[in-house]
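First up is the structure itself, then whatever we jot down about it.
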Amino acid sequence: MDYEHYFPRGIASGDAFCNREIERKRLIANINAQQHTLIMSPRRYGKTSLVKYAVNEARVLFGEADLFVAVDAKRIEQQILSGIKKIISEINTPITQLLEILRQYFISHSAKWTVGTQGVNVALIPDQGSDPATVIMEALQALEDLLSKKQLRAVFFLDEMQEIGEVAEGKGIEGALRHVAQQTQYLSFVFSGSNRHLLSKMFYDKARPLYKLCDRIILERIDEIHYKTHINKYVKKRWSTNLPVESMEVLFRLTQCHPFYVNGLCRRVLESSNKQPPTQDEISIYWNSMVKEERQELARELSSLSSGQRKILVTISNGNNRELTGKFFLQKVNMTSSSISEALKVLEQNDYLEKREDSTYHFIDPLLASALKLYFSDD
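The number in my numbering is simply the position in the sequence shown, starting from 1, with 39 added.
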């Protein structure tokens, strides 16, 4: 059995998709109501998996633009045009008819576009010299017009949205997206990104064009009770019995129910040569092997932090996660309270740490926490 299929490194679909019932229903309801949606969570929580699963259930056309590779406004324009062409390609209509609808739209709006084919695909070429914000706005409006004429609905998913705010022409592109989104009746937008701090500024700063445009869905970690059912379904297929309770508890303690790491550890467990379900000690061994394999990547990530930020992370990994400006913690890290406060602000903004309601700090990435504890233990 290919356990990568059920506990994937990338997109979870079909039998690999675990729960998210509330979020799925809410996203589908938003799609049906033409309510644009912002999905927020740390990296590797399954935002893209959720969107694609919900779109499949809603039975609507789908296009996407991953803006992670967007180094400038022109690249953003290209990614969005690619997503638009993907939606057009899914419309079950002779291509000559689609091209004519698009041509007539651009002519009627005095927009200078070249519309044709490129192999088997639609070619949409804007007027040379047009600014990216105008190109994006006109192309999305043409798509909305096409969808309305064919009486079809579509979802456009823009991932890593925070990257738009990092380019010089970003505010103009944000304005173009808002202008289109406020008028669409057949095209729904779903936005997401991995930097929650920048996304919050983009969608909840009154001075920004996308202010309060969307319904916000915050993805939390999947509850243990749902994971138990999902994991044991495949453990039973492998060994004809459930994973021992103690082993399951260790799996959850180590991964902290982080979706990416639950999948990674479950693959290790199921692909092992064990003749029976692994013990809690064996679960820990598999996890430690994951930590050691990622040592170089984790070291590279930590190298981007200041010395003070690294000291704080190491100290928290050893269980000192409360009263971080108190005397004990100050002595541990040999820093001033103001320096600690400033460092914590950066670590939270960049999703290294999260502060919970009881004022304790916790790692968002459990593998990083385990690595720091393994290599910098107080013991």
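For each residue, glycine too, the CB sits at the ideal point set by N, CA and C. Everything numeric in this text was worked out from a predicted model, so none of it was measured.
Among the options, the one whose alpha carbon lies nearest that of residue i
i    : options                   : result
R307 : L238, I324 and F291       : I324
T364 : T375, P248 and H401       : T375
I78  : A51, E205, D41 and R235   : R235
V154 : Y400, K124 and L186       : K124
Q315 : K276, I126, Q370 and D262 : K276
L186 : I130, V385 and E310       : I130
Q118 : H297, I212 and V274       : I212
S121 : R98, I175, I355 and D170  : I175
L216 : K240, K245 and T173       : T173
Q180 : H148, F196, D54 and L309  : H148
V108 : D254, E199, K189 and V330 : E199
W326 : L293, E340 and S343       : L293
E116 : P405, Y273 and I164       : I164
L191 : E310, T399 and I126       : I126
G158 : D166, S128, S169 and F145 : S128
C296 : L249, E340, I403 and V284 : I403
F228 : K240, L252, L383 and I146 : L252
E205 : K188, G232 and N160       : G232
R82  : D166, G168, Y42 and D390  : D390
R61  : Y273, I261, R114 and L386 : With the sequence shown as reference, residue 61 is identified as Ile, and Arg is not the correct amino acid for it. Taking only the C-alpha atoms, the option nearest I61 is I261.
E259 : V110, L411 and R395       : R395
V90  : L282, A162, G53 and F145  : G53
I351 : L369, I203, M241 and S343 : L369
S343 : V385, D254 and D397       : V385
K113 : S169, V161, V94 and Y144  : S169
S345 : I355, N313 and L383       : L383
P317 : S328, E340 and S286       : S286
Q224 : Q143, K189 and T280       : K189
L392 : H218, Q201 and R349       : R349
Per DSSP, the bridge partner or partners of residue i
i    : result
T399 : Paired residue(s): none; T399 is not in a bridge.
R153 : Reading the sequence as shown, one finds Thr at residue 153 and not Arg. BP columns for T153 point to I164.
D254 : T76
K371 : DSSP, once it has assigned bridges, lists no residue as partnering K371.
A104 : L197
K394 : Y400
Whole-Å CB distance - residue i paired with residue j, under 8 Å assumed
i    : j    : result
V289 : Q319 : 4 Å
G358 : S378 : The pair is not a contact, with the Cβ atoms about 21 Å apart (cut-off 8 Å).
R63  : E96  : 7 Å
R65  : I256 : 6 Å
V99  : A193 : 6 Å
Q177 : A150 : Sequence inspection shows Glu at residue 177; the Gln mentioned does not correspond to that position. Yes, E177 and A150 are in contact; Cβ-Cβ is about 5 Å, under 8 Å.
N373 : H401 : With a Cβ gap of about 23 Å, N373 and H401 do not count as contacting.
L226 : E183 : 5 Å
F56  : Y92  : 5 Å
S88  : A51  : 4 Å
S416 : V330 : Not quite, the Cβ-Cβ distance comes to about 13 Å (not below 8 Å), so this is no contact.
E310 : Y42  : 6 Å
G214 : P171 : Not confirmed; about 12 Å, so no contact.
S422 : L411 : Only positions 40 to 418 of the chain appear in the structure, and residue 422 is not among them; the question remains open.
F291 : E263 : 5 Å
Chain D within 7 Å of residue i, Cβ atoms only
i   : result
K64 : Absent here is chain D; the protein component of the structure consists of one chain.
(Q) Which complete alpha helix (DSSP H) runs does the region 157–240 hold, if anything under 4 residues is left out? (A) 171–189 and 209–220
Q) In the region 301–366, which residue ranges form an unbroken alpha helix (DSSP H) of at least 4 residues, counting only runs that do not cross its ends? A) 319–332, 334–341 and 346–356
Q | Cβ pair count under 8 Å reaching 3, the region 46–59 against the region 295–306 | A | yes
Q.
Under 8 Å, with one C-beta from each stretch per pair, do the region 326–342 and the region 70–86 reach the 3-pair mark?
A. no
Q.
Assess contact between the region 133–140 and the region 102–120, defined as three or more Cβ pairs (one per stretch) separated by less than 8 Å. Is contact present?
A. no
Q: Tell me the start and end of each unbroken beta strand (DSSP E) in the region 259–297 that is at least 3 residues and wholly inside, in chain order.
A: none
Q.
To test your reading of the DSSP string, which unbroken beta strand (DSSP E) runs of 3 or more residues are found completely within the region 87–150?
A. 100–105
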